[in-house]
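>
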Amino acid sequence: MREPELVSIALPVRNGADRLEGVIGSVLAQDYPRIELVISDNASTDGTEELCRDLAAGERRIVYHRHPHNVGLLANFTHAARISRGAYVRWIGDDDRLQPACVSRAMAAFASDERVILVTNQVSYSRPDSTVTTAAYEGPHEGGGLGSDDPVERFTEMLRLLNESPFLIDPLYGLLRREPAVGIPRRNMLREDEVFAAKLALAGPWAHVPEVLSHRNWRLERISGLARRLDVPSWQSHAANTLQCRELLRWVRDAGLADDDRRRARAGVLRMYARRQRRTIAHRSRKLLSMARPT
Numbered sequence: 001m002r003e004p005e006l007v008s009i010a011l012p013v014r015n016g017a018d019r020l021e022g023v024i025g026s027v028l029a030q031d032y033p034r035i036e037l038v039i040s041d042n043a044s045t046d047g048t049e050e051l052c053r054d055l056a057a058g059e060r061r062i063v064y065h066r067h068p069h070n071v072g073l074l075a076n077f078t079h080a081a082r083i084s085r086g087a088y089v090r091w092i093g094d095d096d097r098l099q100p101a102c103v104s105r106a107m108a109a110f111a112s113d114e115r116v117i118l119v120t121n122q123v124s125y126s127r128p129d130s131t132v133t134t135a136a137y138e139g140p141h142e143g144g145g146l147g148s149d150d151p152v153e154r155f156t157e158m159l160r161l162l163n164e165s166p167f168l169i170d171p172l173y174g175l176l177r178r179e180p181a182v183g184i185p186r187r188n189m190l191r192e193d194e195v196f197a198a199k200l201a202l203a204g205p206w207a208h209v210p211e212v213l214s215h216r217n218w219r220l221e222r223i224s225g226l227a228r229r230l231d232v233p234s235w236q237s238h239a240a241n242t243l244q245c246r247e248l249l250r251w252v253r254d255a256g257l258a259d260d261d262r263r264r265a266r267a268g269v270l271r272m273y274a275r276r277q278r279r280t281i282a283h284r285s286r287k288l289l290s291m292a293r294p295t
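The sequence shown begins at 1 in full-length UniProt numbering and counts up by one.
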C-alpha cells in the first residue's frame with residue numbers, strides 16, 4: 001500500500017510564547033497520518049525558543065528553526081515553507097486553530113481532482129469584541145470561477161472576492177501543492193497577500209471544502225501600522241491601491257498568457273483598481289467632512 005504524501009504545516013512566529021501551544025496542539029491532533037510541523041522563529045525575544053525546543057524534543061513531527069536576527073515578516077513566512085519537506089504545504093498563524101479533519105478533507109479534494117493546486121476551506125474568525133464570524137463561499141456569479149481551466153476566469157473571480165469580503169476565501173491559509181507555494185515570487189509590499197492570492201489564481205484551478213475546518217483571529221489594523229510591521233516605506237500606505245495595481249499588471253504581463261487572455265486579465269485588474277479608488281476617495285471625503293463640522 002502506498003504511503004500517504006507528507007503534508008507540511010508551516011508556522012512562522014515572532015514572540016508567540018503566550019499563544020503557541022494551542023495552535024501546535026491543533027496541528028498535532030490532525031487525523032491525517034503524515035504531518036510535519038515546521039516552526040520558523042524570527043529571532044523571538046520572549047520564551048518562544050525555549051517552548052519550541054522543549055516541544056520538538058518530545059515530538060518527532062516538529063521541526064524548529066530559529067533565525068539569529070529579525071529577517072522580516074514576509075521573509076520568515078516564506079522561509080517556513082521553503083525549509084519544509086512536504087509535497088503539500090499549508091501556512092498557519094501563531095494563534096490559529098485547525099479542526100482535526102482539516103488536512104484530510106483537503107487531501108481528499110486533491111485526490112479527486114489532479115488539476116487542483118490549492119484547496120481552501122470555510123474559516124471562522126474571532127473579532128476583537130469576541131464575536132465569531134464566518135461566511136460560506138457559494139461559487140462565482142457566472143462561469144467556472146476558481147475551479148475553471150481558464151486562468152483569467154480564476155483570476156477575475158479572485159479579484160471579485162478581494163473587493164467583496166475578506167471572509168469568503170482565504171487562499172493564503174489553504175493547502176497548496178509545494179511548487180506554487182514556494183515557487184511563485186513574492187514582493188514585500190502592502191497588500192502582498194492579495195497579490196499572492198491573485199497570482200495563485202493564475203497558476204492553476206482551486207477546490208473548496210464548504211466546511212468550517214479552521215479558525216483565525218481577525219484584527220483590524222491601520223494600513224500605516226501594517227507598513228511598519230512589514231518594514232516598507234511609510235509613503236506606501238498612501239499609494240497602496242496604485243502599487244497593488246502595478247504589481248498585478250506586471251504579473252499579468254509576464255504570465256505567458258495569450259494576447260486575448262492578457263487583455264481580459266488587465267481589464268479585470270483595472271476594474272478592481274477603479275472600484276478601490278472610488279472607495280478610498282469616498283472614505284477620505286467622509287473624513288474631511290467630519291473634520292469640517294463645527295464642534
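The C-beta atom is built at its ideal place from N, Cα and C for all residues, glycine as well.
1. Along the chain, which unbroken stretches of the alpha helix (DSSP H) at least 4 residues long are found entirely within the region 42-120?
2. Can you give the beta carbon distance from H215 to R53, rounded, assuming they're within the 8 Å contact cut?
3. Just list the residues that DSSP pairs W206 with in beta bridges.
4. Between the beta-carbon of Y137 and the beta-carbon of H208, is there less than 8 Å?
5. Which residues does DSSP list as the beta-bridge partners of V232?
6. Give the C-beta separation of V269 and L243 to the nearest angstrom, bearing in mind that I take them to be a contact with Cβ-Cβ under 8 Å.
7. Please classify T78 as buried or exposed, where buried requires at least 16 other C-beta atoms within 10 Å of its C-beta.
8. Comparing C-alpha positions only, which one of E49, V119, A56 and G47 sits nearest to G25?
9. Say whether the region 106-119 touches the region 196-210, bearing in mind that this needs 3 or more beta-carbon pairs closer than 8 Å, one atom from each stretch.
10. What do you reckon, are the CB atoms on Y88 and R222 nearer than 8 Å?
11. Could you tell me the distance, in whole angstroms, from the CA atom of A75 to the CA atom of A81?
12. Take R187 and list the residues in its own chain whose beta-carbon comes closer than 8 Å to its own, dropping the five residues that flank it on each side.
13. Any idea if G93 is buried or exposed, counting beta-carbon neighbours within 10 angstroms, 16 or more meaning buried?
14. In three-state DSSP terms, what is N217?
15. Suppose contacts are defined by Cβ-Cβ distances below 8 Å. Is R105 in contact with E5 by that definition?
16. Go through its chain and collect everything with a Cβ distance to L51's Cβ below 8 Å, but skip five positions before and after it.
Let me lay it out:
1. Within the region 42-120, complete alpha helix (DSSP H) segments of at least 4 residues are found at 48-57, 73-82 and 102-112, given in chain order.
2. Locating residue 215 in the sequence shown gives position 215, counting from the first residue. Locating residue 53 in the sequence shown gives position 53, counting from the first residue. By a beta-carbon distance limit of 8 Å, H215 does not contact R53. Their separation comes to about 26 Å.
3. Counted from its first residue, the sequence shown places residue 206 at position 206. Per DSSP, L118.
4. The residue you call residue 137 lines up with position 137 of the sequence shown. The residue you call residue 208 lines up with position 208 of the sequence shown. The Cβ-Cβ distance between Y137 and H208 falls below 8 Å.
5. Looking up residue 232 in the sequence shown gives position 232. Per DSSP, V232 has no beta bridge partner at all.
6. Locating residue 269 in the sequence shown gives position 269, counting from the first residue. Locating residue 243 in the sequence shown gives position 243, counting from the first residue. Rounded, the Cβ-Cβ distance is 13 Å, inconsistent with contact.
7. Here residue 78 is taken as the residue at index 78 of the sequence shown, counted from 1. By the neighbour-count rule (16 or more Cβ atoms within 10 Å), T78 is buried.
8. By one-based count along the sequence shown, residue 25 stands at place 25. With distances taken between CA atoms, G25 lies nearest to A56 out of E49, V119, A56 and G47.
9. Counting C-beta pairs closer than 8 Å gives three or more between the region 106-119 and the region 196-210, which meets the contact rule.
10. Here the question's residue 88 lines up with position 88 in the sequence shown. Here the question's residue 222 lines up with position 222 in the sequence shown. With respect to the 8 Å criterion, Y88 and R222 are not classified as neighbours on the basis of their beta carbons.
11. Your numbering for residue 75 matches position 75 in the sequence shown. Your numbering for residue 81 matches position 81 in the sequence shown. Straight-line Cα distance between these residues: approximately 10 Å.
12. Position 187 of the sequence shown, counted from the first residue, corresponds to residue 187. Beyond the five residues adjoining it in sequence on each side, R187 comes within less than 8 Å, by CB distance, of V195 and E247 in the same chain, given in chain order.
13. For this step, residue 93 is matched to residue 93 along the sequence shown. The residue is buried, with at least 16 neighbouring Cβ atoms inside 10 Å.
14. For the purposes of this step, residue 217 is taken as the residue at position 217 of the sequence shown. Strand.
15. By 1-based counting over the sequence shown, the position of residue 105 is 105. By 1-based counting over the sequence shown, the position of residue 5 is 5. Judged by beta-carbon spacing, E5 lies beyond the 8 Å limit of R105, meaning their Cβ atoms are not closer than that value.
16. For the purposes of this step, residue 51 is taken as the residue at position 51 of the sequence shown. Closer than 8 Å at the Cβ level, and outside the excluded window around L51, lie A17, L20 and E21.
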